[in-house]
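The next block holds one structure in the form of structure tokens; read it before the comments.
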Amino acid sequence: MKMKKMVALLMVVAMVLALIVACTPNNDAPVETPAEETPAEEDPQPEPEDEPAVEAPVANGEITLVNNKIEIHSALTAFAQVFYEETGIFVDVQSFGGETPYAPALSAMFASGLEPEIFVFEGIAGYEDARGAGRVYDLSGQPWLNDTDLAYISPTDGTPVGFPVNIEGWGLGYNVRILEEAGIDPTTLTNVNAIREALETIEAQKDELGLDAVVSMTAGAGMEWVTGLHGVNAYLSLGLAYDDTSVIDALLAGEVDEERLLAFAEYYNMIFQFSDQDVLLTGGYDDQLALFALENAAFIHQGNWVDPTFAELGVNFEMGYIPHAFLEEDTEGIFVGAPSWYMVNARAENIDAALAFLDFMASSPEGHQYMAIDSGQVPAFRSVELTPEGPLSIAVMDWSARGMIYAWHQNEMPSGFGMGTLGPIFEEMARGNITPEEFTRMVAEAVATIP
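Going by this note's numbering, 102 is the number at position 112 of the sequence shown; the sequence numbering is gapless.
Laid out in structure tokens, this is it:
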């Protein structure tokens, strides 16, 4: 590995993360940092005075928003300051992600008695948890509902209960220059045999291409969200119509398609074999991004949510996506959808202020600037005319514009099943402790236990 370059970028990553942490307010229920559910190590939270300075007391109230993507923390905090200057309502943004999983942090906050006005949920399991705790607030009548088709609708009574955070997507990200120099046309990489040949071709040219590995991938402790959630979604939706729920429905009934699952396992085993083994088995989110950002790997297993981090690091080479095409037949599409929603907490104190904040985000020019440009997200609202500048977000929009997309179903699995049950099985295969056939059997046995 080009250690000097790697160390240099890791130092920059550390500086950026230090800045992020420095503007993260104190959480009265701190969470132990493990050694994403969602994407970077965080130090204990600083004292509130480290937030951008505002006058206290706040005239029109204060709300807390718990965010699950550290990549957008700086932009979200800056937007919250704009909202404060406009309304006098202070938004305390608390962010978790990377190697400090969001879900346990939010659970610890609730357990301590704190009730943030706004928090993120990621699908049916999160909705059911919130409903059981009496935290679901009916968003009927909110003005932004007519501007999106992606609000989360309660499966119990049909009411809107979730504000779509953004549109996200992922496939297998690639460095355009490296594939060109290796003589590989990414548009042909739509089946497993073509992908295998491409990986082998790049592996044979690693030295002349200046690579440490073909793929930057993580599968170790703390990164189970990469495999047990985003990885598993390939099994759940690749090659299926967007509204085809047959595979996830079968999984929830305790059944798997063993032929399809084995093909999926063989694909991921191949990805593991062409990955940098240190990053794969012991690396964290920062390590994975650094390897690709330094152009020391041709591919990366991440979504367009990494664009803001790459922008902060000055990474500006061309990127794109190929499908996670694990089948022998062609499957031309990547996974695109609304990954998460903001829920207004029915048990919180300042609900009206929370509703005002979400409406300001959806409807104001400042909100549109924040969503599309400052945070580099693909907005979920039709009225937003701005487009993000990040290369992977542009790739997501291109696949979407061509209608070549597959659904997100990983968040429909039971709470904790993807990361807690399936993630460790992926790690066993990544370490070479089990074969794809054994992976298939273990996953099938785990799925059979779903009540």
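Heads up, the beta-carbon is just placed ideally off N, CA and C, and yes, glycines get one too.
Note that the coordinates shown come from a computational prediction; the quantities given were computed from them, not determined experimentally.
Host beta strand (DSSP E) of residue i (start-end)
i: E171; result: E171 -> not in any beta strand (DSSP E); alpha helix (DSSP H) instead, spanning 166 to 171.
i: F109; result: 108 to 111
i: Y311; result: 309 to 312
i: Q84; result: 80 to 85
i: F371; result: Counting along the chain, F371 falls outside any beta strand (DSSP E), and DSSP gives it neither H nor E.
i: P150; result: 150 to 154
i: A203; result: 203 to 206
As assigned by DSSP and simplified to three states, the class of residue i
i: N335; result: strand
i: M432; result: helix
i: Y257; result: helix
i: L129; result: coil
i: V56; result: strand
i: P91; result: coil
i: Y360; result: helix
i: Y232; result: coil
i: S443; result: Residue 443 is absent from the structure shown; the chain starts at -9 and stops at 441.
i: S405; result: coil
i: S265; result: strand
i: L284; result: coil
i: M213; result: coil
i: F69; result: helix
i: G116; result: helix
i: L135; result: helix
i: A240; result: helix
i: T272; result: helix
i: P378; result: coil
i: L179; result: coil
i: G410; result: helix
i: L317; result: coil
i: T447; result: With the chain represented from -9 up to 441, any question about residue 447 goes unanswered, as that position is not in the structure.
i: I174; result: coil
i: G124; result: coil
i: D247; result: coil
i: S97; result: helix
Cβ neighbour criterion (16 or more within 10 Å) applied to residue i
i: V433; result: buried
i: T377; result: exposed
i: R125; result: buried
i: E427; result: exposed
i: F307; result: exposed
i: E112; result: buried
i: T321; result: buried
i: T430; result: buried
i: E187; result: exposed
i: E198; result: exposed
i: T178; result: exposed
i: A70; result: buried
i: T217; result: buried
i: G357; result: buried
Closest by C-alpha distance to residue i, when choosing among the options
i: Y470; options: Q132, D147, L135; result: Outside the modelled stretch of the chain, which goes from -9 to 441, sits residue 470, for which no answer is possible.
i: G152; options: Y164, L162, D139, G159; result: D139
i: F109; options: A120, E379, S236; result: A120
i: A344; options: F300, G51, A255, E107; result: E107
i: S354; options: S373, R337, G163; result: S373
i: G87; options: G210, G274, M387; result: G274
i: T54; options: A370, V334, A391; result: V334
i: K59; options: V155, H314, Y232; result: V155
i: E76; options: D342, P298, A346; result: A346
i: I442; options: F254, G212, P329; result: There is no way to answer for residue 442, as the model of the chain reaches only from -9 to 441.
i: Q263; options: E417, N57, I395; result: E417
i: W331; options: V81, N401, P133; result: N401
i: L303; options: I290, A283, I312, V246; result: A283
i: I341; options: S102, Q132, A65, L66; result: Q132
i: S326; options: W295, T439, E105; result: Before going further, note that residue 326 is Val rather than Ser in the sequence given. That would be W295, whose Cα lies nearest to the Cα of V326.
i: F100; options: V56, V81, S64, N136; result: V56
i: E214; options: I440, V437, E52, M419; result: M419
i: I79; options: L382, F371, F350, P369; result: F350
DSSP beta-bridge partners of residue i
i: I440; result: Bridge partners of I440: none, in fact.
i: E158; result: G327
i: G163; result: I290, Y311
i: Y396; result: F325
i: Y142; result: G152
Limits of the alpha helix (DSSP H) - the one that residue i falls within
i: S353; result: 341 to 353
i: P298; result: 297 to 302
i: D388; result: 381 to 391
i: T191; result: 182 to 194
i: N223; result: 222 to 227
i: I415; result: 413 to 420
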